[in-house]
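Chemist:
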Amino acid sequence: MPSTKYIFVTGGVTSSLGKGIISASLATLLQSRGYSVTIQKLDPYINVDPGTLNPYEHGECFVTNDGAETDLDLGHYERFLNRPTSQANNVTTGRIYKSVIEKERRGDYLGKTVQVIPHITDEIKNRIQILGNTGEFEIVITEIGGTVGDIEALPYIESVRQLRWELGEDCIVIHLTLVPFLAATGELKTKPTQHSVKALQESGVQPDILVCRSEQPIGEEIKRKLALFCNVKKEAVIESIDAETIYAVPILMRNQHLDEVVLRRLGLPIEDNLDLVNWRDFLYKLRYPTTEVEIGLIGKYVELHDSYKSIAESFIHAGAANECKVNINWIHSENITAETAHKYLKNLDGILVAPGFGERGFDGKIETIRHARENNIPFLGVCLGMQAAVIEFARNVLKWKDANSTEMNPKTKHPVIDIMEDQKKITDKGGTMRLGACDCELKEGSKAYETYRRKNISERHRHRFEFNNKYLKEFEDKGMLATGINPDMGLVEIVELEDHPWFVGVQFHPEYKSTVANPHPLFVKFVEAAVKKASK
Ligand code: GLN
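Following our numbering, the numbering of the sequence shown begins with 856 at its first residue and continues without gaps.
1) Return the first residue and the last residue of the alpha helix (DSSP H) that Pro1010 is part of.
2) Do you know whose CA, among Ala1249, Leu1207, Pro1072, lies nearest Gly1334's CA?
3) Give me the residue from Val1060, Gly1074, Ser1069, Glu1070 with the minimum Cα distance to Asn1086.
4) Out of Leu1129, Ile894, Ile876, which one is the CA nearest neighbour of Gln942?
5) Please list the segments of the beta strand (DSSP E) lying wholly inside the stretch 1128-1164, counting only runs of 3 or more residues, in order along the chain.
6) Could you check how far apart the C-beta atoms of Ser1301 and Thr1338 are, in whole angstroms? I think they sit under 8 Å.
7) Can the beta-carbon of Glu1296 be found closer than 9 Å to that of Ile1340?
8) Just to confirm my understanding: we take Asp1283, look at its own chain, exclude 5 residues before and 5 after, and list those with CB closer than 7 Å. What are they?
9) For the beta strand (DSSP E) holding Glu1296, just list the boundary residues, first then last.
10) Following the continuous beta strand (DSSP E) through Asn1182, name the residue where it begins and the one where it ends.
11) Please determine, among Asn920, Ile876, Phe935, the residue with the shortest C-alpha to C-alpha distance to Leu1031.
12) Just the Cα atoms here: how many angstroms apart are Glu1120 and Val1386?
13) Got a sec: does ligand 1 put a non-hydrogen atom nearer than 8 Å to the Cβ of Leu881?
14) Tell me which residue opens and which closes the beta strand (DSSP E) that Gly866 is part of.
15) Mind checking Pro1265: buried by the 16 CB within 10 Å criterion, or exposed?
16) Report yes if the CB atom of Lys860 is closer than 9 Å to the CB atom of Val1028, and no otherwise.
17) Of all the options Thr989, Glu1070, Leu1159, which has the alpha carbon lying nearest to the alpha carbon of Glu1094?
18) What are the boundary residues of the alpha helix (DSSP H) that Pro1270 is part of?
19) Given Thr1261, which residues of its chain have a CB within under 6 Å of its CB, disregarding the five upstream and five downstream residues?
20) Considering just the uninterrupted stretch of the alpha helix (DSSP H) at Ser1095, what are its terminal residues?
21) Please classify Val971: does DSSP put it in a helix, a strand, or coil?
22) Would the stretch 895-914 and the stretch 1153-1165 be scored as touching if the rule is three or more Cβ pairs under 8 Å?
23) What is the residue span of the alpha helix (DSSP H) that Lys958 lies within?
24) Report yes if the CB atom of Phe1393 is closer than 9 Å to the CB atom of Ile1150, and no otherwise.
25) Output yes or no for whether 9 Å exceeds the beta carbon distance between Gly873 and Leu1055.
26) Considering only C-alpha positions, which residue in the set Gly1000, Ile1349, Gly1240 is nearest to Pro899?
27) If you measure between the beta carbons of Asp926 and Lys896, is that distance less than 9 Å?
28) Helix, strand or coil: which one does DSSP assign to Gln895?
29) Given a cut-off of 9 Å, decide if Leu1141 and Ala1175 are closer than it, judged by their beta-carbon atoms.
30) With DSSP as the reference, label Ser1051 as helix, strand or coil.
31) Report yes or no: do three or more beta-carbon pairs, one from the stretch 974-984 and one from the stretch 997-1017, lie closer than 8 Å?
32) Could you tell me how far apart the beta carbons of Asp904 and Gly1291 are, in whole angstroms, since I believe they sit closer than 8 Å?
33) Could you check where the alpha helix (DSSP H) with Phe935 kicks off and where it finishes?
34) Counting pairs of beta carbons, one from the stretch 1343-1361 and one from the stretch 1242-1257, are three or more of them closer than 8 Å?
35) Taking Met1241 and Val1361 to be in contact with their CB atoms under 8 Å, please state how far apart those CB atoms are, rounded to whole angstroms.
36) If you check the beta carbons only, do Leu1022 and Ser858 fall under 9 Å apart?
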């Protein structure tokens, strides 16, 4: 088998230029030409994984099938490529150092002084090549987090330098930069890009391709100038103009022939087989919706939309599937009380209560759910949102006023959500969270079954607390049914209401599995129910 090709994506000038989207867009084009591609992200921070990070720091924590807590860019990779990622697709500096220090303690370095070069860089290079060495992928794209010139990024750039030397023609570097527009003089400026390429060159890395983010078309003259100053071919200066949706970026990159420039540099054949029919069809549905709905997303991190990235993207996929524009109303749960609920929620065609941890804003979630339940508004509760739905039902229908999760009140007399160690210890090994893919069996005749149209599903989890089965009978007698059960542990994974147009709570995170090619059925059905409500 021919050797794996490596593409590195670095960033210059500023952060947040969208390296993840450019990587995912390029991968989409290469995959649409029949290449098997994967993308990985190297994050220069010292946390071992983003699992412990507050969402305000880096946005959502994305969870893979194998239970890795990862950077939200992995969500983009999966949504674009419709292929699962794993722990191997995300490495942080913390993880690199942890494994080097463990090796040092074990004596693996035979008494040598352990140093950034070669020990840390060797570890980085090994990690970079893990996916390539599986033989599963022809092309591995590696996104280097942070910005060239950051102290933290240095060992990564040095590793790229070494790998370029070792891999030769099998490796290229794409540098993503910003070409700002100065309104005062009405000009696009190339200097920041020149400087960031210089910084890369000082580290011994010459980029092969420049992708230039810009608010305006950069034109032939600027391309020529950048090519001249930065030692790249003019055809390899690609403009990446602000797009109306991230899903248009593969098409914009295609229009600039980024895929062909990359394949030529890697010495790979360019056949006439690019198939973007389904992708363009999806974009068409996004652009020309036939209806519109208002969905409330109720959570406690709503100021930062990245905290709920996968949920927002799932609505885009589900909207396209329903040919419907989904307007997300970001509502802070701390604002909702029995008095304000009507004011905040009255115009909504559907309500989603978000995942989360801890007590802040929890009462607002309960009031939101009461409003959705009593007013027949389609409802989807995700993880903590599902747990809140169970607690709301216990308090207001079963009349157990103090019902709660032991996460919020360890002393409650009605712990309807609790830690179920007995059940969980059967499969969990050590960790206190249930993380990653778990099987679930659906009850025939339920809304869940009607949604998935099959009995056995697998979904991803990230939580500690569970529905307390001790109370199951009382819930079901009053109309809250458990319609999805974990076959190994007997844990309740889905609840729904009998007498409601569409009220579903799921203990797992469906949003992690929604992709452009496979919009998640729960989001599709939820939006469908919202469309029905809106048309009334
Ligand atoms: N805090 C809840 C638990 O740990 C829910 C977690 C979540 O919503 N991801 O069970």
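Just so you know, even glycine gets a beta-carbon here, dropped at the ideal spot from N, CA and C.
Modeler: Reading from the atomic positions:
1) Along the sequence shown, one-based indexing puts residue 1010 at 155. Unbroken alpha helix (DSSP H) run through Pro1010: 1009-1022.
2) For the purposes of this step, residue 1334 is identified with residue 479 of the sequence shown, where counting begins at 1. With distances taken between CA atoms, Gly1334 lies nearest to Ala1249 out of Ala1249, Leu1207, Pro1072.
3) Counted from its first residue, the sequence shown places residue 1086 at position 231. Selected option, being the one with the closest Cα: Val1060.
4) Taking the first residue of the sequence shown as position 1, residue 942 is located at position 87. Nearest of Leu1129, Ile894, Ile876 to Gln942, Cα basis: Ile894.
5) Listed in chain order, the complete beta strand (DSSP E) runs (minimum 3 residues) inside the stretch 1128-1164 are 1146-1154.
6) Within the sequence shown, the letter at position 446 stands for residue 1301. Within the sequence shown, the letter at position 483 stands for residue 1338. About 4 Å separates the CB atoms of Ser1301 and Thr1338; that is less than 8 Å, so the two are in contact.
7) Here residue 1296 is taken as the residue at index 441 of the sequence shown, counted from 1. Here residue 1340 is taken as the residue at index 485 of the sequence shown, counted from 1. In this structure, Ile1340 lies closer than 9 Å to Glu1296 by Cβ.
8) Sequence index remark: in the sequence shown, residue 1283 carries index 428 (1-based). Model confidence at Asp1283 stands at a pLDDT of 46, short of 50, so the residue's coordinates are unreliable; what they give is reported in the following sentence. Beyond the five residues adjoining it in sequence on each side, Asp1283 comes within less than 7 Å, by CB distance, of Arg1289 in the same chain, given in chain order.
9) Residue mapping note: residue 1296 aligns to position 441 of the sequence shown, counting from 1. Per DSSP, Glu1296 belongs to the beta strand (DSSP E) from 1289-1297.
10) Reading the sequence shown from its first residue, position 327 is the one you call residue 1182. Start and end: 1179-1187.
11) Position 176 of the sequence shown, counting from 1, holds the residue named residue 1031. Per the Cα distances, Ile876.
12) Position 265 of the sequence shown, counted from the first residue, corresponds to residue 1120. Position 531 of the sequence shown, counted from the first residue, corresponds to residue 1386. It should be noted that the sequence gives Arg, not Glu, for residue 1120. Each residue's alpha carbon lies about 48 Å from the other.
13) In the sequence shown, residue 881 corresponds to position 26, counting from 1. Leu881 Cβ: outside cutoff for every heavy atom of ligand 1.
14) Numbered from 1 along the sequence shown, position 11 holds the residue referred to as residue 866. Looking at the DSSP string, the run of the beta strand (DSSP E) that includes Gly866 is 860-866.
15) Translated into the one-based positions of the sequence shown, residue 1265 becomes position 410. Pro1265 should be labelled exposed.
16) Numbered from 1 along the sequence shown, position 5 holds the residue referred to as residue 860. Numbered from 1 along the sequence shown, position 173 holds the residue referred to as residue 1028. No. Outside cutoff.
17) As a first step, residue 1094 is located in the sequence shown; it is residue number 239 there, counting from the start. Of the listed residues, the one whose Cα sits closest to Glu1094 is Glu1070.
18) Here residue 1270 refers to the residue found at position 415 when the sequence shown is read from its first residue. Note, Pro1270: premise wrong, no alpha helix (DSSP H); beta strand (DSSP E) at 1270-1273.
19) As a position in the sequence shown, residue 1261 is number 406, starting the count at 1. For Thr1261, where only same-chain residues beyond five positions count, the Cβ hits under 6 Å are Pro1270, Asp1273.
20) Taking the first residue of the sequence shown as position 1, residue 1095 is located at position 240. Not the alpha helix (DSSP H): Ser1095 falls in the beta strand (DSSP E), residues 1092-1096.
21) As a working note, residue 971 is residue 116 in the sequence shown. Val971: helix per DSSP, three-state reduction.
22) Contact holds: three or more Cβ-Cβ distances are below 8 Å.
23) By 1-based counting over the sequence shown, the position of residue 958 is 103. Where Lys958 is concerned, the enclosing alpha helix (DSSP H) stretches over 948-961.
24) Outside the shown range of the chain, which is 856 to 1391, sits residue 1393, and nothing can be said about it.
25) Residue mapping note: residue 873 aligns to position 18 of the sequence shown, counting from 1. Residue mapping note: residue 1055 aligns to position 200 of the sequence shown, counting from 1. Not a contact, by the Cβ cut-off of 9 Å.
26) Sequence index remark: in the sequence shown, residue 899 carries index 44 (1-based). Checking every option, the nearest Cα to that of Pro899 belongs to Gly1000.
27) Here residue 926 refers to the residue found at position 71 when the sequence shown is read from its first residue. Here residue 896 refers to the residue found at position 41 when the sequence shown is read from its first residue. The Cβ atoms of Asp926 and Lys896 lie closer than 9 Å to each other.
28) Working through the sequence shown from its first residue, we reach residue 895 at position 40. Gln895: strand per DSSP, three-state reduction.
29) Walking along the sequence shown from the start, residue 1175 turns up at place 320. Walking along the sequence shown from the start, residue 1141 turns up at place 286. Taking 9 Å as the cut-off, the beta carbon of Ala1175 is found closer than this to the beta carbon of Leu1141.
30) Working through the sequence shown from its first residue, we reach residue 1051 at position 196. DSSP, reduced to helix, strand and coil, places Ser1051 within a helical segment of the structure shown.
31) Three or more pairs of CB atoms, one per stretch, sit closer than 8 Å, so the stretch 974-984 contacts the stretch 997-1017.
32) Position 49 of the sequence shown, counting from 1, holds the residue named residue 904. Position 436 of the sequence shown, counting from 1, holds the residue named residue 1291. With a Cβ gap of about 13 Å, Asp904 and Gly1291 do not count as contacting.
33) For the purposes of this step, residue 935 is identified with residue 80 of the sequence shown, where counting begins at 1. 928-936 is the extent of the alpha helix (DSSP H) around Phe935.
34) Yes, since at least three Cβ pairs between the stretch 1343-1361 and the stretch 1242-1257 fall closer than 8 Å, the two stretches touch.
35) Counting from 1 along the sequence shown, the entry for residue 1241 is found at position 386. Counting from 1 along the sequence shown, the entry for residue 1361 is found at position 506. That belief holds up - the Cβ atoms of Met1241 and Val1361 are roughly 5 Å apart, short of 8 Å.
36) Numbered from its first residue, the sequence shown carries residue 1022 at position 167. Numbered from its first residue, the sequence shown carries residue 858 at position 3. Contact: yes.
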